[in-house]
Every structure is written in structure tokens, then in C-alpha cells.
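>
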Amino acid sequence: MRTQVGIIGAGPAGLLLSHLLHLRGISSVVLERRSRAHVEQRVRAGVLEQGTVDTLVAAGVGERLLREGLPHSGIELRYGGAAHRIAFDKLVPDRRITVYGQQEVVKDLIAARLAAGGDLRFEVPDVAVHGLGAEPHVSFGGERLDCEVIAGCDGFHGVSRPSIPEGVLTVYERDYPFAWLGVLARVPPSAGELIYARNERGFALHSMRSPALSRFYLQVPPDADAGDWPDERVWAELKARLETVPGFTLATGEIVEKGVAPMRSFVAEPMQYGRLYLAGDAAHIVPPTGAKGLNLAVADVRVLTEALAAFFATGSARLLDGYSAARLPRVWRAQHFSWWMTSLLHTFDDDDAYARRLQLSHLDYVTSSEAAAATLAENYVGMPW
Ligand code: FAD
Ligand code: DHB
């Protein structure tokens, strides 16, 4: 079997790359380890930057996103018994975010690829990457896929990055001493905008998916098990961390999904080796507080698509050779922002009274200085491309 681009992983990065390449007349095969139902039901990110929305709409996969997505022009920072709005509409007037579940993006992309006769293979076992120098190919379940380029879009735990020989990559990473418990509940959102709450008990986030579905996150210990969080405990903790301003009551309802996500920062440099190019979580991870992971994956794929289109049209590898160098400055900007938002809003066990006062002072600065708020807003909605 032969194709131009062998894509490993049917997350947002792999699926969007396959779709954008198709629009440029470039063939690809997507190999995914899990089932279609699994990737379509995996509840993860929800915040799309303007640039991500623009990319999906321009690629013809934004129809449902424009219909069902929830545009937001501000977020709330809640701490010290008060609510503070970061007004994107005032601070970055031409840009906003859209709340639309990652699994809905994945569903839309799978539908578009299948409608166009795309070759997506699910439940593919034993994917391995070979011949990165001269003869790139992918083996899986006793079959062989020959390709001119391999795109490693297989997330943090995939096979692509580990197939790069030792000594090539420089890895930068940081683990955080906490995780997030994510919860999806059948209850209308209790506020119109996202609430990022800093609380002595730990961080809490109020988000949403639709007028009838709310999404929440709680800072929990790094080894927490969702099984230790029965619904009553989740609601009690959310109320304790969010019902801290006068007049705010958290509406409760049936919890339909619950999961624990670790918090990690990670970058592998360079994001390429031979004819293998890494995109999305395969190359870098951010803690979710800045809502950047999915958006970075989409931005990687945009740049990689341009480089591949130039390569297949002219034979010039100039853009492909520069792929990693083109992406890393933006990847590091998102790294810093995500680390900063995480540090600003979470409680750290080893923080002393001085560290807690510094954190509160910084929150006061962000919520009272227009310049500081504009920095948060600009990074949150996404820097212009
Ligand atoms: P993935 O979505 O991880 O896709 C990789 C795919 O590769 C998977 O389908 C996997 O099954 C497949 N795969 C892995 N190994 C193999 C193999 N050996 N062979 C074949 N296939 C393989 N980001 C945001 O931008 N905004 C947010 O609000 C946000 N919130 C988040 C909340 C949570 C709780 C979590 C966990 C993440 C959040 N993120 C957020 C991050 C975002 O979900 C990821 O950055 C995004 O999924 C990256 O997409 P990807 O396609 O690179 O990787
Ligand atoms: C959501 C996830 C995030 O990581 C975040 O910062 C904001 C919202 C969400 O899933 O809705």
C-alpha cells in the first residue's frame, strides 16, 4: 500500500491534517489505534481560539461549529470573594473564543473525511515507524504502508516520537503536583461565561458545552482516582470553591462523565527527524489551564500543510526543513502562558504564606491593570497568526 503522507493518530491533529491535505490534492492514510466510537466520545478540550475557528470554517468543516458553538467575549477570574471579568470585547476587540467540544470537532472531521472517500483506519494494532531517512514506511497488523512523509499525530503516548533515535531530541518538561478531575453534567451552565476560580481548597473551573450541558474541572491530588469522587463529593467541592461571591448558586444535575487528567508541560525539540514530522501533543503538552493544547495542534497542522503542499508541488523541502523552527516560538509562547495561568490559579502544597500573598497580589494586578489584563486576553484568545 502506498500514499503520500502516512498519518499516525486520528485526534484533531491527524484528522485535520488529512482533511487539509485532501483539499490540496495530497493523499494520506490515517492509522488510529482506538475505535471510531472511542475517539468520537473522548471528552477533552472545549475552547477554540479565533484562529482555530477560522481554520475549520475555511476548510469547510465549520458549519455545525458556527451553528452550535458558543462564542464568548470574556472570562471571569474569581478569588478573594469577588468576581473579575477579563473583557476580551474591550481588550482584544476583533477576537473571541468559541466553546465547542473537541469530540465534536473530531466528529465533524471524521464525517468530512469519510464523505470525501478518505482512508481512515480505526483499531489498527502495532503501528511502528521505519526508514525515516531514505524509505519512510509504517507497519501495522502485518501490513506495510509506504509513504513519502510520515506525520506523527499520535499524542503524548504515541509511537512516533519514541521512534526518533536517542540523542536527537532535547526534551524540556515539568510535572505539576496536582491533576484535574473533569466532569460533564446534564445541567444548564450557572453563568454565561467561563469562571476560573482560585480558592484555598484548590482551583475550580466552570465551563459548558451547550445550554443544557455544563463542564467542570477541580484541582485534585496527582494520584486522585475518579472512583474516589462520588457525585455528591464533586458537587460539594464545586460549591465550596465556586459559591464564593454574593448571589452565585451552582446548579447541580446528573453527572454523565468523570475523569482525571494529569498536568504536565513538555516540549521535544526539534519537532521533526528525517521524513517524520510531529504535530500536536506528540511534540508538546501544556497544562490545560490556558486552554491551548488543541489550538496548538491546529496551528502545527496549518504550518505543516503549507510545507507539505510546497514539497509535493515543487519538490522543494525548504518549508518542511523549517517546520520545527517555524513552530517552536509559538509553542513556547503557549508553554509560558499555560504555566503562568496554572501558577496563578492553583494552590501548591509547598506554598508558604509569602507565596500565597504573591499569588493574590498578581491576581489583583491582572484584574486591575488594563495592560496586564490585555496580556492575559491576547494570549487566551490566541496571538494573531
Ligand atoms: P490526541 O487528541 O491525543 O490524538 C492522538 C491520537 O493518536 C489518539 O486518537 C490516539 O488514540 C492515537 N494514537 C496514540 N498512539 C497510537 C498508536 N501507537 N497508533 C495509532 N494511533 C495512536 N486543549 C485546548 O486547546 N483547549 C482546552 O480547553 C483543553 N482542555 C483540555 C482538557 C483536558 C481534560 C485534557 C485532557 C486536554 C485538554 N486540552 C485542551 C488539550 C487537548 O485535548 C489536546 O492538546 C489535543 O487532544 C491534542 O490533539 P492531538 O491530535 O495532537 O492528540
Ligand atoms: C475547558 C477546558 C480547559 O482546559 C479550559 O482552560 C477551559 C475550558 C473546557 O473543557 O470547557
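Just add 19 to the spot in the sequence shown (first one is 1) and you have the working numbering. All residues carry an ideal CB built from backbone N, CA and C; glycine is no exception. This one's a predicted model, so the numbers in the text were calculated from it and none came from an experiment.
Would TRP359 and ALA280 be called neighbours here (beta carbons separated by less than 8 Å)?
As a first step, residue 359 must be located in the sequence shown, where it is residue number 340. As a first step, residue 280 must be located in the sequence shown, where it is residue number 261. Their beta carbons are not under 8 Å apart, which means TRP359 does not touch ALA280 by this criterion.
> Counting Cβ pairs, one atom from each stretch, are 3 or more of them under 8 Å apart for the segment 45 to 64 and the segment 94 to 106?
The segment 45 to 64, when compared against the segment 94 to 106, does not touch it at the 8 Å Cβ threshold.
> Could you pull the start and end residues of the alpha helix (DSSP H) that TRP358 belongs to?
Taking the first residue of the sequence shown as position 1, residue 358 is located at position 339. 342 to 364 is the span of the alpha helix (DSSP H), which, as asked, contains TRP358.
> Quick one, which of GLU276, PHE267, PHE159 has its alpha-carbon nearest GLU95's?
One-based indexing of the sequence shown puts residue 95 at position 76. Checked all of GLU276, PHE267, PHE159; the closest Cα to GLU95 is PHE267.
> Considering GLY31, what are the terminal residues of the alpha helix (DSSP H) in which it resides?
Residue mapping note: residue 31 aligns to position 12 of the sequence shown, counting from 1. First, the amino acid is wrong: residue 31 is Pro here, not Gly. Where PRO31 is concerned, the enclosing alpha helix (DSSP H) stretches over 31 to 42.
> At which residues does the alpha helix (DSSP H) containing ASP194 begin and terminate?
As a working mapping, residue 194 is identified with position 175 in the sequence shown. Element bounds for ASP194: not the alpha helix (DSSP H) but the beta strand (DSSP E), 189 to 205.
> Give the straight-line distance between the Cα atoms of PRO241 and SER343, rounded to the nearest whole angstrom.
Working through the sequence shown from its first residue, we reach residue 241 at position 222. Working through the sequence shown from its first residue, we reach residue 343 at position 324. Whole-angstrom Cα-Cα distance: 31 Å.
> Terminal residues of the continuous alpha helix (DSSP H) containing GLY312?
The residue labelled residue 312 in the question sits at position 293 within the sequence shown. It spans 312 to 333 - the alpha helix (DSSP H) in which GLY312 sits, taken as one unbroken run.
> ARG52 lies in the beta strand (DSSP E); which residues open and close that run?
Taking the sequence shown and counting its residues from 1, the one referred to as residue 52 is at position 33. Taken as a continuous stretch (DSSP letters only), ARG52 belongs to no beta strand (DSSP E), as it is neither H nor E.
> Relative to the C-alpha of PHE159, which candidate in CYS172, ASP145, ILE169, ALA170 has its C-alpha closest?
In the sequence shown, the residue the question calls residue 159 occupies position 140. Checking every option, the nearest Cα to that of PHE159 belongs to ASP145.
> Confirm, please, whether the CB-CB distance from HIS225 to LEU213 is below 8 Å.
Counting from 1 along the sequence shown, the entry for residue 213 is found at position 194. Counting from 1 along the sequence shown, the entry for residue 225 is found at position 206. Closer than 8 Å, so yes.
> Pull up the DSSP beta-bridge partners for ARG163, would you.
Residue 163 sits at position 144 when you count from the first residue of the sequence shown. Partner(s): SER158.
> Using 8 Å as the limit for Cβ to Cβ distance, is LEU297 near chain B?
Checking the listed chains, one finds no chain B in this structure; it contains a single protein chain.
> Taking just the CA atoms, how far does VAL350 sit from LEU315?
In the sequence shown, the residue the question calls residue 315 occupies position 296. In the sequence shown, the residue the question calls residue 350 occupies position 331. Looking at the two C-alpha atoms, the distance is approximately 7 Å.
> Give the straight-line distance between the Cα atoms of LEU110 and GLY309, rounded to the nearest whole angstrom.
To locate residue 110, count along the sequence shown from 1; it is residue 91. To locate residue 309, count along the sequence shown from 1; it is residue 290. Looking at the two C-alpha atoms, the distance is approximately 17 Å.
> From what residue to what residue does the alpha helix (DSSP H) around GLY70 run?
Working through the sequence shown from its first residue, we reach residue 70 at position 51. Counting along the chain, the alpha helix (DSSP H) containing GLY70 begins and ends at 69 to 77.
> Give the straight-line distance between the Cα atoms of GLN354 and PHE285, rounded to the nearest whole angstrom.
Translated into positions along the sequence shown, residue 354 becomes position 335. Translated into positions along the sequence shown, residue 285 becomes position 266. The alpha-carbon atoms of GLN354 and PHE285 are separated by roughly 8 Å.
> Between LEU40, ASN398, GLY221, which has its C-alpha nearest LYS311's C-alpha?
Locating residue 311 in the sequence shown gives position 292, where the first residue counts as 1. Of the listed residues, the one whose Cα sits closest to LYS311 is ASN398.
> On the DSSP letters alone, give me the boundaries of the beta strand (DSSP E) that VAL118 sits inside.
As a first step, residue 118 is located in the sequence shown; it is residue number 99 there, counting from the start. That run of the beta strand (DSSP E) goes 116 to 118.
> Taking the alpha helix (DSSP H) that HIS381 belongs to, which residues open and close that run?
Residue mapping note: residue 381 aligns to position 362 of the sequence shown, counting from 1. Unbroken alpha helix (DSSP H) run through HIS381: 372 to 387.
> Would the segment 324 to 332 count as touching the segment 299 to 307 if we require 3 or more Cβ pairs under 8 Å?
No, they do not touch.
> Report yes if the C-beta distance between ILE26 and VAL400 is below 8 Å; otherwise report no.
The residue labelled residue 26 in the question sits at position 7 within the sequence shown. The residue labelled residue 400 in the question sits at position 381 within the sequence shown. Result no, Cβ atoms of ILE26 and VAL400 do not sit closer than 8 Å.
> Leaving out five residues before and five after ARG43 in sequence, what residues of the same chain have Cβ atoms less than 6 Å from its Cβ?
Taking the sequence shown and counting its residues from 1, one reaches residue 43 at position 24. Here the set comprises ALA328.
> Are three or more beta carbon pairs between the segment 86 to 93 and the segment 149 to 165 nearer than 8 Å?
Contact between the segment 86 to 93 and the segment 149 to 165 is absent, because fewer than three Cβ pairs lie under 8 Å.
> To the nearest angstrom, how far is the alpha carbon of GLY65 from that of ALA374?
Position 46 of the sequence shown, counted from the first residue, corresponds to residue 65. Position 355 of the sequence shown, counted from the first residue, corresponds to residue 374. The straight-line gap from Cα to Cα measures roughly 31 Å.
> Leaving aside the five residues before and after GLN291 along the sequence, list all residues of the same chain whose C-beta is less than 6 Å from its C-beta, in chain order.
For the purposes of this step, residue 291 is taken as the residue at position 272 of the sequence shown. Closer than 6 Å at Cβ, skipping near neighbours: TYR342, SER343.
> Does the distance from the C-beta atom of LEU34 to that of VAL125 stay below 8 Å?
Working through the sequence shown from its first residue, we reach residue 34 at position 15. Working through the sequence shown from its first residue, we reach residue 125 at position 106. Yes, the Cβ-Cβ distance between LEU34 and VAL125 is below 8 Å.
> Cβ of GLU251 within 8 Å of Cβ of LEU203?
Within the sequence shown, residue 251 is the residue found at index 232, counting from 1. Within the sequence shown, residue 203 is the residue found at index 184, counting from 1. It is not a contact, given that the beta carbons lie outside the stated cut-off.
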